[in-house]
Ligand SMILES: Cc1ncc(C[n+]2csc(CCOP(=O)(O)OP(=O)(O)O)c2C)c(N)n1
Ligand SMILES: [Mg+2]
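Residue numbers (the numbering used here): 553 to 908.
Now the structure itself:
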């Protein structure tokens, strides 16, 4: 005997196409004009902050930095779909998620200047600090989601991972755990087509990254990650599903328009033509064209917004520049409680005038 025992399909969702035309059947009813303008402003803020950070790093005033430019819709759309009680677990490129969750911009600068205090995030923001080891945030997120379920909290965990990160064991272990224990976990795969110099096609022979969820027995979808509306809707639906015991994976198709980090030169391994093709799908220009077409946005509003956002960023930088770090914080922020080993290390570092 030979019979099919399993088959499935993966859906792709786009609500606003490259020309700013909306599929009204899929448009979430709560997304009124005001909300769309808010999305636009947030994406613009994320991009301006990113540009500032890059320029500061080039002046030697910030440490190594991973730019987000091009990925604003994936980050802002998903973060705006989360409630206050939901919990975000980003990697190292999701600066847009931090600002939506309410991380003060001066704290963003303190972190990227290399100070540990930048990683001490107010508990009520429900977000973990930057996590650089690829995909190690995945099991943490699954564990946090388990805790949410155990404590019967009305909260889902939204974790971010790159296309490269989906090749890590941690990715599979986390989604497998989520499927078995039915924890409220939403995985956003921020597929920006590159993992440093490794292109998406060399990452896996699988046709989509979304289909990786199938082996874990959990639902998934692929969305246009440069369509902020589709990302918002997919995340909103996934959070609802996850809270009802069905975790979810969303693959967002986007593009890393800039370098991997400030220590990388992408011109060594990819063509200008490829970048130019994706520039045409710019998520901010797309929503901007739609808003302008509807008379909700114009050039003078754009200028006013830019000026006020640049001032907000400059003020935050000024504050961050006044910040005086306390070296003890590298010991204090390792666990929520101290341990003898950590106390001993701090004492010995102090004795040796480590801080001088
Ligand atoms: C466990 C681990 N291996 C390798 C690295 C070095 N590294 C940093 S980012 C990166 C690629 C990540 O690509 P992807 O997951 O697609 O995320 P993206 O950088 O595109 O946002 C690598 C290999 C690391 N930080 N951690
Ligand atoms: Mg990537």
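Where is the CB? At the ideal position from N, CA and C, for every residue including glycine.
TODO: Return the first residue and the last residue of the beta strand (DSSP E) that residue 723 is part of.
DONE: Premise fails: residue 723 lies in the alpha helix (DSSP H), 721 to 733, not in any beta strand (DSSP E).
Open item on the list: Taking a contact to mean a Cβ-Cβ separation below 8 Å, would you say residue 596 touches residue 853 in this structure?
Closed with: no
Open item on the list: Tell me the rounded alpha-carbon separation between residue 716 and residue 805.
Closed with: Separation of residue 716 and residue 805 (C-alpha to C-alpha, rounded to the nearest whole angstrom) is 13 Å.
Open item on the list: Can you give me the C-alpha to C-alpha distance between residue 639 and residue 723, rounded to a whole angstrom?
Closed with: 18 Å
Open item on the list: What I want to know is whether the C-beta of residue 716 ends up closer than 7 Å to one or more non-hydrogen atoms of ligand 2.
Closed with: yes
Task: Cβ shell of residue 662 (< 7 Å), same chain only, five flanking positions each side left out - done: 669, 670, 872, 875
Open item on the list: Does the beta-carbon of residue 778, which I'm using as the reference point, lie nearer than 7 Å to any heavy atom of ligand 2?
Closed with: Residue 778: no, Cβ never under 7 Å from ligand 2.
Task: Local conformation of residue 691 per DSSP, three classes - done: In the structure shown, residue 691 adopts helical secondary structure according to DSSP, grouped into three states.
- [ ] Would you mind stating whether residue 762 and residue 772 have Cβ atoms separated by less than 8 Å?
- [x] yes
TODO: For the alpha helix (DSSP H) containing residue 873, list its first residue and its last residue.
DONE: It spans 851 to 874 - the alpha helix (DSSP H) in which residue 873 sits, taken as one unbroken run.
TODO: Report yes or no: do the stretch 726 to 743 and the stretch 685 to 698 share at least 3 C-beta pairs separated by less than 8 Å?
DONE: yes
TODO: Check whether the Cβ of residue 613 sits closer than 7 Å to any heavy atom of ligand 2, and report yes or no.
DONE: The answer is no for residue 613.
Open item on the list: Do residue 865 and residue 601 count as a contact pair if the criterion is CB distance below 8 Å?
Closed with: yes
Task: Supposed contact pair residue 626 and residue 742 - C-beta distance, whole angstroms, cut 8 Å - done: Residue 742 to residue 626, Cβ: 5 Å. Contact.
Open item on the list: Tell me whether residue 624, by its Cβ, gets closer than 7 Å to a heavy atom of ligand 1.
Closed with: Checking every heavy atom of ligand 1 against the Cβ of residue 624, none is found closer than 7 Å.
TODO: Spatial neighbours of residue 846 within its chain, please: CB distance less than 8 Å, with the 5 preceding and 5 following residues excluded, ordered by chain position.
DONE: 585
TODO: Under 7 Å Cβ to Cβ from residue 755, same chain only, skipping five residues before and after it: list those, please.
DONE: 715, 716, 719, 747
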